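Accompanying notes for the structure given below.
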Amino acid sequence: MADEPDIDEREDDEDDGLDPEAVARRQAAMERIVRMGDPVLRTVARPVEGFDGELREEVRWMGQLMHDALGVGLAAPQVGISHRLFVYRVEQDSPIVAVINPELEWTGDETEIGDEGCLSIPGIQVEVERPVHVRVGGLDEHGEVVHIEAAGLEARVIQHEMDHLDGVLILDRTSKDQRKAAMRALRDREAGQALA
């Protein structure tokens, strides 16, 4: 999966090819995203009950934030909202999909290890093993039933975002060695920022 964009987060190197306005939008978007360490990321999100204009605005805002942050998925807990809701878009030109109160209906037996990043843990990538095929049921922002059968990157994105709704991060799904290396990198980065 090395040629595919990271889950949640596209590579930081992409900033190099962006115009200054896009870089500024990305930086502003990243400031709105909750970082690892915030308790909302470790909390099981509450089901969405009201399907109204406020919810549709939340979905629109999250989609725009995900787009500006150069992400491929974003879950409500990542913006500090304890809702069982996520948005994603695997292809840059595809419409943004919102899935509310998702339920994993089926996973295939075949699994694949792939690199994943996360907007809530910027700059960190770890290997995560996930089923290659999934079927998810839920609702869209209008309260209409949706069923999504996905494979490959789309299946990985969906599973990653559903993990966020249950308080699970990619560091919980990787090997002990990769988790240690990621935590060391995060500590080193924080120490470097403190000295700057």
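Numbering-wise (the UniProt record's numbering), the sequence shown opens with residue 1 and increments by one. For every residue, glycine included, the Cβ atom is placed at its ideal position computed from N, Cα and C. What you are looking at is a predicted structure, and each value in this text was computed from that prediction instead of being measured.
CA-to-CA distance, residue j to residue i, given in whole angstroms
| i | j | result |
| --- | --- | --- |
| Ile81 | Leu70 | 20 Å |
| Ala22 | Asp172 | 32 Å |
| Arg42 | Pro20 | 34 Å |
| Glu127 | His67 | 24 Å |
| Val59 | Gly152 | 24 Å |
| Arg184 | His142 | 43 Å |
| Val99 | Gly108 | 20 Å |
Pair within 8 Å by beta-carbon distance, residue i and residue j
| i | j | result |
| --- | --- | --- |
| Met162 | Leu85 | no |
| Val34 | Ser120 | yes |
| Leu55 | Val48 | yes |
| Gly114 | Arg156 | yes |
| Val146 | Trp106 | no |
| Tyr88 | Val79 | no |
Outcome for residue i when other beta-carbon atoms lying within 10 angstroms are tallied against a minimum of 16
| i | result |
| --- | --- |
| Leu18 | exposed |
| Ala182 | buried |
| Thr174 | buried |
Chain C within 8 Å of residue i, Cβ atoms only
| i | result |
| --- | --- |
| His142 | No chain C is part of this structure, which consists of one protein chain only. |
Extent of the continuous alpha helix (DSSP H) run through residue i
| i | result |
| --- | --- |
| Arg25 | Pro20 to Arg32 |
| Leu165 | Gly152 to Leu165 |
Could you tell me which whole beta strand (DSSP E) segments of length 3 or greater appear in the segment 117-150? 121-131 and 133-139
Please give me, in chain order, every unbroken run of the beta strand (DSSP E) with length at least 3 that falls completely inside the segment 63-102. 73-75 and 85-88
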